[in-house]
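If you count the sequence shown from 1, position 41 lands on 41 in the UniProt record's numbering, and the numbers rise without skipping.
So the structure is just underneath, and the comments pick up after that.
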Amino acid sequence: MSPLSRFFSPKAVAVIGGGAWCEAVVRQCRATGFTGPIWPVHPKKSEVGGLPAYPDLVSLPAVPDAAFIGVNRELTVTMARELSAMGCGGAVCFAAGFSEAVSELADGDALQAQLVEAAGDMRVLGPNCYGIVNALDGVALWPDRHGMSPVETGVAVIGQSSNVLINLTMQRRGLPLAAVVAAGNQAQTSMSDLGIALLEDPRITALGLHIEGISDLPAFEALADRAAELGKPIVALRVGASEQAQAAAVSHTASLTGSDAGARALLRRLDIAQVDTPTELVETLKILHVTGGLRSARIASASCSGGEASLMADMGEIAGVTYPALTDTQKTGLRAALGPKVALANPLDYNTYIWGDEDALTATFTALCTSELGLGCVVVDYPRNDRFEAPDYDQVLRAVARTREATGTPMALVSLLSEGLPEPVAMKALEMGIVPLCGMGDALRAIRAAVTVPGRRNARPDPVTLPVNGHGAARVFSEAEAKALLQTFGVRVPGSGRAGEAGQAAETATQIGFPVVLKGEGIAHKTEAGAVVLNLSSAQAVAEAAAKMPAESFLVEEMITGTVAELILGVTRDPAHGFVLTLGLGGIMTELIRDTASVLIPASREDIGAALQSLRTAPLLTGYRGRPGADIEAVIDTAMALQKLVQQHAGALHEIEINPLICRATDAVAADALIRMEE
Numbered sequence: 001m002s003p004l005s006r007f008f009s010p011k012a013v014a015v016i017g018g019g020a021w022c023e024a025v026v027r028q029c030r031a032t033g034f035t036g037p038i039w040p041v042h043p044k045k046s047e048v049g050g051l052p053a054y055p056d057l058v059s060l061p062a063v064p065d066a067a068f069i070g071v072n073r074e075l076t077v078t079m080a081r082e083l084s085a086m087g088c089g090g091a092v093c094f095a096a097g098f099s100e101a102v103s104e105l106a107d108g109d110a111l112q113a114q115l116v117e118a119a120g121d122m123r124v125l126g127p128n129c130y131g132i133v134n135a136l137d138g139v140a141l142w143p144d145r146h147g148m149s150p151v152e153t154g155v156a157v158i159g160q161s162s163n164v165l166i167n168l169t170m171q172r173r174g175l176p177l178a179a180v181v182a183a184g185n186q187a188q189t190s191m192s193d194l195g196i197a198l199l200e201d202p203r204i205t206a207l208g209l210h211i212e213g214i215s216d217l218p219a220f221e222a223l224a225d226r227a228a229e230l231g232k233p234i235v236a237l238r239v240g241a242s243e244q245a246q247a248a249a250v251s252h253t254a255s256l257t258g259s260d261a262g263a264r265a266l267l268r269r270l271d272i273a274q275v276d277t278p279t280e281l282v283e284t285l286k287i288l289h290v291t292g293g294l295r296s297a298r299i300a301s302a303s304c305s306g307g308e309a310s311l312m313a314d315m316g317e318i319a320g321v322t323y324p325a326l327t328d329t330q331k332t333g334l335r336a337a338l339g340p341k342v343a344l345a346n347p348l349d350y351n352t353y354i355w356g357d358e359d360a361l362t363a364t365f366t367a368l369c370t371s372e373l374g375l376g377c378v379v380v381d382y383p384r385n386d387r388f389e390a391p392d393y394d395q396v397l398r399a400v401a402r403t404r405e406a407t408g409t410p411m412a413l414v415s416l417l418s419e420g421l422p423e424p425v426a427m428k429a430l431e432m433g434i435v436p437l438c439g440m441g442d443a444l445r446a447i448r449a450a451v452t453v454p455g456r457r458n459a460r461p462d463p464v465t466l467p468v469n470g471h472g473a474a475r476v477f478s479e480a481e482a483k484a485l486l487q488t489f490g491v492r493v494p495g496s497g498r499a500g501e502a503g504q505a506a507e508t509a510t511q512i513g514f515p516v517v518l519k520g521e522g523i524a525h526k527t528e529a530g531a532v533v534l535n536l537s538s539a540q541a542v543a544e545a546a547a548k549m550p551a552e553s554f555l556v557e558e559m560i561t562g563t564v565a566e567l568i569l570g571v572t573r574d575p576a577h578g579f580v581l582t583l584g585l586g587g588i589m590t591e592l593i594r595d596t597a598s599v600l601i602p603a604s605r606e607d608i609g610a611a612l613q614s615l616r617t618a619p620l621l622t623g624y625r626g627r628p629g630a631d632i633e634a635v636i637d638t639a640m641a642l643q644k645l646v647q648q649h650a651g652a653l654h655e656i657e658i659n660p661l662i663c664r665a666t667d668a669v670a671a672d673a674l675i676r677m678e679e
C-alpha cells in the first residue's frame, strides 16, 4: 500500500473534474500555500480554477503524488483505476452515493467495493468526503473554505463530518491546527490508518478525533498503541449512541449501556481522552499541544477577584479537578508577596493590591504554582480590543511565563468568557509556552480530560473480545436455565427447585426450607409484573402467592439474607466495541438511580475493582456509617466468571444480566438472572 506521507505531503497534485467544487480545490490549494504544480483534468474545458486543464490523465506531464477526484460516482471508480495504474500516491474521492447511501441506492455497497478494487495499492480517502488540509506543507485538497493558517508545528484532527471539520478550522481560540482530514466512508483507509500516519509526522504534537462510529476495532487499538509508543496523546469527541440497539434489548443492562457506554469504555481502556463538546475538544487539544498531557488534575488557581475564585472552585468541583490545600511553604511565599490583608486559599483571590506590578505578580504566581501540581492557572479576561488597550494585562501574561520558567509547572491563562482571550493574545501565550484556555467551564473540563499518567501503557490491554456472527435465533433462557449455566462457570446461585403448579411449588418450598422466594417463570422483569414474592414462610403462603401470579410455572428458591448491597452485573453484545460489562446499583432502583460503570471484555480484576470504586454508591460496598462491608473479592469473582462465560460463547451470546447480585459480608449470590443466547 502506498505510504500516506506521500499523499499528505505531495510534490504535485491533479484535480479531476471541472465543476465549482473542483475549481475551489485549485484555488484553495494555491491560497493555502502549495507551490508545486496543480494539474486540472477535464476532457472539454481549457482551464479550471484559472489554470490550464489537461484533457485526460495520460496527458499529464508527470505522475501526481495526490489527486482530488470530483466527478460522479461511476466515473470516480474509473478515475481511481487509472490513477492507480499510473502510480499516483493517493486520491480524495469526493462523490457520494456509495455505502453511506445503501438505503437509497441498492448498488452503493457494490460500487464502493469496486472503488477499493480499482484503487489497488493507491491510497483512497473517502468516498463521500472533503479531503485534507495540511497547513504544515500548504496543501489543500479541499473543495470549500477553511480557516487554517501556515504553522510549523501543531495538532491534527480527523473527523467523519466535513462540515464539523470546516467549523473547527474557523476557531479563534489560538489552536495551532497542522492538519485536518475528513475520513468519509473509510472504504479503504480508516481513521486509524490516517491517525497513525499523522502522529508519525514529528511536527504533529497531538491528535483529535470526531468519531461517529468505529469501523475496525483492532485497527483502532493499533492506533492507540502507536500513539503510546510515540508518546503523543489523543482526544476524542464521540457522538452517535444507538437508541435502536437499546430498544431491541430485553434487559435493564442493555438500556443502561448501548453503544455509547461501549465507546466510552473503549476510549478509557485505550487511554484516549474523552470530551463531550467541540469547544472542549479545542481546549483539550491546546493543553495536549503545549504539555503533552497533564500528570494530574491537582491544580492551583489565582485571580484578582473573589467572584472568579469562587466560580473556579464551584465549576472545578463539577468538572472533576481538585485544588490542594496550601502548604506552609506556599503560604509563606504568598504572604511575602501579598502582605497581610489577603486571605490565602486555593483558588486564590490575590485582590488588586499588586495589579500593575509584574514582579509582585510573578512572585505570587511562583509561590502558588509549585512543581508537584498538574497545572497552574491564572484567571484573566482581556478588555475589548476594539475599545481599549491593555498593556497592564500583558504584565499578567509575562508573569505567568516567568512562573513557568521558574517552577517548571505547566501554566495556563483561563478566561471567564471564551472571548476574554482574543486570538492574538492566545497565540502570544502559546509562543511563550502558556496554554490559553478560553471560557472557564470548557477550560476546567478540558483540564480534567487532559490528565495522563506517565508510563500508563507499559502494559498494553489485551485485544477486545469481538462478537462473532452467529447463525441461529437468540432466545431468552428461563431463569433456572440461566442460573444453571452461570453456576457451571462458578457463579454462586441460591438453592432452588421448579414447579408446574401452585401445589408443587408449596411442596418444593417445604423441601428447600423456609423462608423462600417464589418467582413466576418466563417473565423478564418480574418485579414490575408482580411475578416475585419474597420471604414466604409457609407452604400455604407459597401456594396462595403462586395462585395469584401471571405465570404457568414457578421457580422456588432459598431466601438470601444478610444483604449488604444489591448490584447489577450485565453483559451486552456491542457490534462496534465488543462485549460491554456493566456494574452498578441493582435491584428495583437500577434504572431510577442509574449508577453504573462499564468496562470492555476482557477486563482485569483491577479494572473491575476500579469500576466498582467509581460508583457513587461504592460506600455501600465498603461499609457505610458503621454498616458491614461486602465481600468485594466475591463480587469481582462473579464478574470474572461472567467474562469467562462470554469468552467461551462469543459466537452465540447476546446478553446476560444478574439483577440483583446480593452482596454479603462473606459471598455474593445471583438472586435473579437473564441470558439471551443462540442455541
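Ideal Cβ positions, reconstructed from N, Cα and C, are used throughout, including at glycine.
As the structure is a computational prediction, the values presented were derived from the model and not from experiment.
{"Asked": "Assigned exposure category for A597 - 16 Cβ within 10 Å defines buried", "Found": "buried"}
{"Asked": "Pairwise C-alpha distance: L661 and P619", "Found": "16 Å"}
{"Asked": "Beta-ladder partner(s) of residue 680, from DSSP", "Found": "This structure does not reach residue 680, given that the chain is present from 1 up to 679, and the question cannot be answered."}
{"Asked": "Given G97 as reference, the closest of C369, E481, V71 and A67 once Cα atoms are compared", "Found": "V71"}
{"Asked": "Alpha-carbon to alpha-carbon, T563 and D631", "Found": "11 Å"}
{"Asked": "First and last residue of the uninterrupted beta strand (DSSP E) at I38", "Found": "I38 to V41"}
{"Asked": "Classification of M1 by the beta-carbon crowding that lies within 10 angstroms, buried from 16 upward", "Found": "exposed"}
{"Asked": "Near the ligand MN: L111 beta-carbon under 8 Å from a heavy atom", "Found": "Among the components modelled here there is no ligand, and therefore nothing to report on the ligand MN."}
{"Asked": "N- and C-terminal bounds of the alpha helix (DSSP H) containing P436", "Found": "Note, P436: premise wrong, no alpha helix (DSSP H); beta strand (DSSP E) at V435 to L437."}
{"Asked": "Residues of its chain near P10, where Cβ-Cβ distance is below 6 Å and the 5 sequence neighbours each way are ignored", "Found": "D65 and A66"}
{"Asked": "Own chain, CB closer than 7 Å to D216, minus 5 neighbours either side, in chain order", "Found": "S190 and S192"}
{"Asked": "Simplified DSSP assignment, three categories, for V63", "Found": "coil"}
{"Asked": "Sequence-distant residues of its chain with Cβ nearer than 8 Å to A343 (five each side left out)", "Found": "D349"}
{"Asked": "As assigned by DSSP and simplified to three states, the class of G70", "Found": "coil"}
{"Asked": "Within 9 Å, strictly: CB atoms of R475 and E679", "Found": "yes"}
{"Asked": "Where residue 688 falls: helix, strand or coil (DSSP)", "Found": "No information on residue 688 is available, as it lies outside the stretch 1 to 679 that the chain covers here."}
{"Asked": "Proximity winner among L60, L207, P436 and R6, relative to L417 (alpha-carbon distances)", "Found": "P436"}
{"Asked": "9 Å Cβ cutoff met for L125 and V180", "Found": "no"}
{"Asked": "Helix, strand or coil at G90 according to DSSP, with G and I counted as helix", "Found": "strand"}
{"Asked": "Span of the beta strand (DSSP E) around E591", "Found": "From DSSP, E591 is part of no beta strand (DSSP E) but of the alpha helix (DSSP H) over T590 to I593."}
{"Asked": "Where the alpha helix (DSSP H) containing L115 begins and where it ends", "Found": "G108 to A119"}
{"Asked": "Distance CB(V63)-CB(G33) smaller than 9 Å", "Found": "no"}
{"Asked": "Buried versus exposed, by CB contacts within 10 Å (16 or more), L326", "Found": "buried"}
{"Asked": "C-alpha gap between I272 and S103, whole angstroms", "Found": "33 Å"}
{"Asked": "The beta strand (DSSP E) enclosing C377, as first and last residue numbers", "Found": "L375 to V379"}
{"Asked": "6 Å Cβ shell around D357 - same chain, five flanking residues per side excluded", "Found": "none"}
{"Asked": "Beta-carbon proximity check, A506 vs A539, cutoff 9 Å", "Found": "yes"}
{"Asked": "Closest residue to I196 among S162, V164, K232 and G213 (Cα-Cα distance)", "Found": "K232"}
{"Asked": "Close-in-space but distant-in-sequence residues of the same chain around F8 (CB under 6 Å, 5 per side omitted)", "Found": "N134"}
{"Asked": "Nearest residue (CA-CA) to I560, options A551, R492, E606 and L569", "Found": "R492"}
{"Asked": "Nearest-angstrom Cα separation, counted from L177 out to L168", "Found": "9 Å"}
{"Asked": "Integer-rounded CB distance, given that I318 should sit under 8 Å from L375", "Found": "Actually they do not touch by this definition, with Cβ atoms about 17 Å apart."}
{"Asked": "A668 versus Q613: straight-line alpha-carbon distance, rounded", "Found": "17 Å"}
{"Asked": "Cα-Cα separation, C438 to R264", "Found": "25 Å"}
{"Asked": "Under the three-state DSSP convention, the category M677 falls into", "Found": "strand"}
{"Asked": "Opposing strand residues paired with N535 [DSSP bridges]", "Found": "In DSSP, N535 forms no bridge with anything."}
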